[in-house]
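Enquirer:
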Amino acid sequence: MNIAVIGGGASGMVSAVILAQGGCEVSVFEHMPRIGKKLLVTGSGKCNISNTDMDLSHFHGTSKTVIKSVLEYGSPDKTRAFFEKLGLFYKDRNGFLYPYCEQASAVVDILRFAIRDLGIDVYTDTDIRRIIKCDRSYGPEHEDRFLIETADGKFLFDKVVLCCGSKAARNTGSDGSGYKLAGSFGHSIIKPLPALTSLICEETFYPSIAGIRTKACVRVYAGRGKTGDFELLAQDEGELQITKTGISGIVVFNLSFCAIRALDEGRVVKASIDFLPEISDDGINGYIRSRIGSQPDRTAEEMFIGLFAKPLGICICKRCGIDLGIKCSELDETDIARLCECIKRFDTVITGYGGFDQAQVAQGGVSLDEVTEYLESTLVNGLYFAGEILDVNGDCGGYNLQWAASSAMCVAEHIIGVYN
Ligand SMILES: Cc1cc2nc3c(=O)[nH]c(=O)nc-3n(C[C@H](O)[C@H](O)[C@H](O)COP(=O)(O)OP(=O)(O)OC[C@H]3O[C@@H](n4cnc5c(N)ncnc54)[C@H](O)[C@@H]3O)c2cc1C
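Using our numbering, the first residue of the sequence shown is number 87, and each one after it goes up by one.
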């Protein structure tokens with residue numbers, strides 16, 4: 087059986103190796119000059135390959151049933167065993183899994199070596215013009231097979247695996263052309279939008295607090311109008327980074343997918359930041375009172391020094407309409423209540439987001455309603471999908487590479503007939 091793998095990224099390379107180990111003749115088509123370009127930049131060059139916490143809540147997509155089944159079959163243990171057999175040792179950093187040497191290039195290398203050793207044909211710099219599923223009219227040799235047209239010629243395959251990635255970080259090769267190939271077979275594409283990216287906010291004070299990093303709990307809400315009812319879409323706790331235009335950091339990356347989808351649907355989106363998630367409203371109220379009591383002559387501007395970065399303390403006072411020059415002892419009950427509210431529910435209106443070039447992944451993609459649990463198309467026999475081309479996006483923390491490996495394993499093991 088000969089198989090075409092379109093896309094030499096994470097899922098394409100894993101698929102190709104398992105297929106070849108299972109006895110298939112495999113060709114990888116990659117339109118970049120080399121394979122594995124995106125893998126090289128993952129985890130800031132260290133490649134966060136997986137995570138010990140594989141709760142399904144870290145994965146987002148239209149069908150949790152398909153996601154669950156793929157992650158159960160191509161489980162983290164099974165994919166780890168696959169990588170370890172190729173020579174990759176894992177390192178566990180508080181549940182975040184990396185190659186032991188913390189070099190993404192090591193992951194690319196071990197996959198490249200396996201591809202070479204297994205005799206897999208790799209066609210780089212190769213654009214796919216079209217892929218056709220041939221019927222009887224193409225003649226007996228072609229019937230029920232896939233004809234792939236490239237600038238270099240035509241190739242005939244028994245099965246095709248589309249591993250073209252998404253539209254995120256185009257400079258690494260994923261330019262969205264995979265969606266067109268899937269669409270040419272009649273597949274529905276859930277509108278691709280960026281995910282794991284920063285959010286742009288409406289307020290003008292951001293340049294004055296840019297650069298601040300702090301632990302925070304962020305909640306994202308969406309409503310139909312600015313004053314109407316807001317629905318809580320998601321919340322997360324972790325490192326928040328303030329930028330000149332809004333909010334970023336891992337906690338924001340993880341929430342960005344739902345904020346962006348809601349903005350795209352024309353909803354009003356806001357985030358509410360809790361700058362002291364470990365302290366209750368009453369606790370903060372008591373804390374401000376004790377500061378006033380112990381430092382009555384300090385100015386409001388100086389009040390939060392030691393708790394928050396100074397510009398953030400100033401910003402909070404200004405948002406509460408408190409004159410920075412007044413003494414702490416002059417703050418009244420209303421001021422204290424406003425400060426507590428602002429620290430626990432620092433609301434900000436989300437108006438935009440970092441685009442595909444800044445995003446680590448895309449949400450949306452080939453609908454999971456049109457694939458089996460082993461990711462074969464329900465529209466075209468012999469056509470499979472793996473990786474980010476599908477409508478699945480994971481949180482930061484190794485979830486997207488785990489999805490790439492798990493999905494590749496399901497597909498390849500189904501093709502070689504060992505899927506059970
Ligand atoms: C900066 C950055 C950091 C990241 N860090 C992490 C991390 O630490 N951990 C984690 O889990 N995830 C991380 N991710 C996400 C992760 O890299 C992706 O989810 C994963 O690589 C997706 O694998 P894939 O095989 O589906 O797609 P890709 O790895 O994007 O591979 C797709 C391949 O297909 C090729 N291709 C596309 N279209 C065609 C075509 N028409 N013809 C031929 N070839 C084509 C592309 O050139 C590319 O090589 C990161 C992403 C970025 C951008």
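Each residue gets a CB set at the ideal place from its N, CA and C atoms; glycine is no exception.
Only a predicted model underlies this, so the values are computations on that prediction, with no experimental measurement involved.
Count the other C-beta atoms from every protein chain shown that fall within 10 angstroms of the C-beta of Val91, then say buried if there are 16 or more, exposed otherwise.
Expert: As a working note, residue 91 is residue 5 in the sequence shown. When all chains shown are included, Val91 counts as buried.
Enquirer: Is any heavy atom in ligand 1 found nearer than 7 Å to the beta carbon of Gly239?
Expert: Working through the sequence shown from its first residue, we reach residue 239 at position 153. Incorrect: Gly239 has no Cβ contact closer than 7 Å to ligand 1.
Enquirer: Between Arg353 and the rest of its own chain, which residues show a CB-CB distance below 6 Å, the 5 nearest in sequence each way excluded?
Expert: One-based indexing of the sequence shown puts residue 353 at position 267. The answer, listed in chain order, is Ala308.
Enquirer: Which residues share a DSSP beta bridge with Asn137?
Expert: As a working note, residue 137 is residue 51 in the sequence shown. Paired residue(s): Phe182.
Enquirer: According to the Cβ coordinates, are Gly264 and Ile475 closer than 8 Å?
Expert: By one-based count along the sequence shown, residue 264 stands at place 178. By one-based count along the sequence shown, residue 475 stands at place 389. Cβ atoms of Gly264 and Ile475: closer than 8 Å.
Enquirer: With a cut-off of 8 Å, do at least 3 Cβ pairs link the region 391-407 to the region 285-302?
Expert: yes
Enquirer: Under 8 Å: do the region 152-164 and the region 450-469 share three or more Cβ pairs, one atom per stretch?
Expert: yes
Enquirer: The alpha helix (DSSP H) with Lys301 in it runs from where to where?
Expert: Residue mapping note: residue 301 aligns to position 215 of the sequence shown, counting from 1. Lys301 -> not in any alpha helix (DSSP H); beta strand (DSSP E) instead, spanning 299-309.
Enquirer: Give me the residue from Gly311, Ile365, Arg215, Glu229 with the minimum Cα distance to Asn467.
Expert: Counted from its first residue, the sequence shown places residue 467 at position 381. Nearest option by C-alpha distance: Glu229.
Enquirer: Lys356: which of Arg305, Arg179, Ala167 sits nearest, CA to CA?
Expert: What you label residue 356 is simply residue 270 of the sequence shown in a count that begins at 1. Residue Arg305 is the option with its Cα nearest to Lys356.
Enquirer: Classify Tyr184: buried if its beta carbon has 16 or more other beta carbons within 10 angstroms, exposed otherwise.
Expert: Taking the sequence shown and counting its residues from 1, one reaches residue 184 at position 98. Result: buried.
Enquirer: Starting from Phe471 and walking both ways along the beta strand (DSSP E), at which residues does that stretch end?
Expert: Counting from 1 along the sequence shown, the entry for residue 471 is found at position 385. Per DSSP, Phe471 belongs to the beta strand (DSSP E) from 469-471.
Enquirer: Have a look at Ala472 and Leu362 and give me their C-alpha separation to the nearest angstrom.
Expert: Numbered from 1 along the sequence shown, position 386 holds the residue referred to as residue 472. Numbered from 1 along the sequence shown, position 276 holds the residue referred to as residue 362. Approximately 41 Å, taken between the alpha carbons.
Enquirer: Going by DSSP, which residues form a beta bridge with Arg216?
Expert: Taking the first residue of the sequence shown as 1, we reach residue 216 at position 130. Paired residue(s): Glu235.
Enquirer: If you run the structure through DSSP and keep just helix, strand and coil, what is Glu323?
Expert: In the sequence shown, counting from the first residue as 1, residue 323 sits at position 237. Note: Glu323 maps to strand in three-state DSSP.
Enquirer: Is DSSP giving Gly438 helix, strand or coil here?
Expert: Taking the sequence shown and counting its residues from 1, one reaches residue 438 at position 352. Strand at Gly438.
Enquirer: If Phe199 sits next to Lys219, beta carbons under 8 Å apart, how far is it from one beta carbon to the other, in whole angstroms?
Expert: In the sequence shown, counting from the first residue as 1, residue 199 sits at position 113. In the sequence shown, counting from the first residue as 1, residue 219 sits at position 133. 33 Å between Cβ atoms; not a contact.
Enquirer: Could you tell me which residues DSSP pairs with Gly344 in its beta bridges?
Expert: Here residue 344 corresponds to residue number 258 of the sequence shown, with the count starting at 1. Reading off the sequence shown, one finds Cys at residue 344, where the question assumed Gly. Per DSSP, none; premise fails for Cys344.
Enquirer: For the beta strand (DSSP E) that Gly381 lies in, which residues bound it at each end?
Expert: Against the sequence shown, residue 381 aligns to sequence position 295. According to the sequence shown, residue 381 is Gln rather than Gly. Boundaries cannot be given for Gln381, as no beta strand (DSSP E) includes it and DSSP labels it neither H nor E.
Enquirer: To the nearest angstrom, how far is the alpha carbon of Ile276 from that of Val194?
Expert: Within the sequence shown, the letter at position 190 stands for residue 276. Within the sequence shown, the letter at position 108 stands for residue 194. Approximately 30 Å between the Cα atoms of the pair.
Enquirer: Is it right to say Asp37 is buried, meaning 16 or more other beta carbons lie within 10 angstroms of its own, or is it exposed?
Expert: The displayed coordinates of the chain run from 87 to 506. Any statement about residue 37 would go beyond what the structure contains.
Enquirer: Measuring CA to CA, which of Leu248, Ser252, Arg215, Arg222 is closest to Ile234?
Expert: Here the question's residue 234 lines up with position 148 in the sequence shown. Comparing Cα positions, the closest option is Arg215.
Enquirer: Below 8 Å between beta carbons: does that hold for Ser260 and Pro278?
Expert: Along the sequence shown, read from residue 1 onward, the residue named residue 260 stands at position 174. Along the sequence shown, read from residue 1 onward, the residue named residue 278 stands at position 192. The answer is no: Cβ separation not under 8 Å.
Enquirer: Label Asn486 either buried or exposed according to how many other C-beta atoms from any shown protein chain fall within 10 Å of its C-beta, with 16 as the threshold for buried.
Expert: If you number the sequence shown from 1, residue 486 lands on position 400. Label assigned to Asn486: buried.
Enquirer: Going by other Cβ atoms of all chains shown within 10 Å of its Cβ, with 16 needed for buried, is Val452 buried or exposed?
Expert: For the purposes of this step, residue 452 is taken as residue 366 along the sequence shown, with counting starting at 1. Buried: at least 16 other Cβ atoms inside 10 Å.
Enquirer: Consider the C-beta atom of His117 and the heavy atoms of ligand 1; say whether any pair is separated by less than 7 Å.
Expert: In the sequence shown, counting from the first residue as 1, residue 117 sits at position 31. Result yes, Cβ under 7 Å from ligand 1.
Enquirer: Can you tell me the Cα-Cα spacing of Ala494 and Lys164, whole angstroms?
Expert: Stepping through the sequence shown from its first residue, residue 494 is reached at position 408. Stepping through the sequence shown from its first residue, residue 164 is reached at position 78. If I take the Cα positions, the gap works out to 12 Å.
Enquirer: Restricting to Cα atoms, I'd like to know which of Arg179, Thr258, Leu197, His144 is closest to Trp489.
Expert: To locate residue 489, count along the sequence shown from 1; it is residue 403. That would be His144, whose Cα lies nearest to the Cα of Trp489.
Enquirer: Would you decide whether Ser97 is buried or exposed? Buried here means 16 or more other CB atoms lie within 10 Å of its CB.
Expert: Within the sequence shown, residue 97 is the residue found at index 11, counting from 1. With 16 or more other Cβ atoms within 10 Å, it is buried.
Enquirer: Give every residue of the same chain whose Cβ lies closer than 8 Å to the Cβ of Ser430, excluding the five residues on either side of it in the sequence, and list them in chain order.
Expert: By 1-based counting over the sequence shown, the position of residue 430 is 344. The sequence as given places Lys at residue 430; Ser does not occur at that position. These residues qualify, in order along the chain: Asp360, Phe361, Leu362, Asp367, Ile370.
Enquirer: DSSP on Val447, reduced to helix/strand/coil?
Expert: Within the sequence shown, residue 447 is the residue found at index 361, counting from 1. In this structure, Val447 counts as strand in the three-state DSSP scheme.
Enquirer: If you run the structure through DSSP and keep just helix, strand and coil, what is Ala254?
Expert: Numbered from its first residue, the sequence shown carries residue 254 at position 168. Reduced to three states, the DSSP call for Ala254 is coil.
Enquirer: Considering only residues of the same chain and omitting the five flanking positions on each side of Leu341, which have a CB-CB separation below 7 Å?
Expert: Position 255 of the sequence shown, counted from the start, is the residue given in the question as residue 341. The answer, listed in chain order, is Val304, Val306, Ala320, Asp322.
Enquirer: Starting from Val354, follow the beta strand (DSSP E) in both directions and report where the run begins and ends.
Expert: Start at 1 with the first residue of the sequence shown, and residue 354 comes out as number 268. 354-360 is the extent of the beta strand (DSSP E) around Val354.
Enquirer: Would you report the Cα separation of Cys482 and Cys110, rounded to the nearest angstrom?
Expert: Here residue 482 corresponds to residue number 396 of the sequence shown, with the count starting at 1. Here residue 110 corresponds to residue number 24 of the sequence shown, with the count starting at 1. Roughly 34 Å separates the two Cα atoms.
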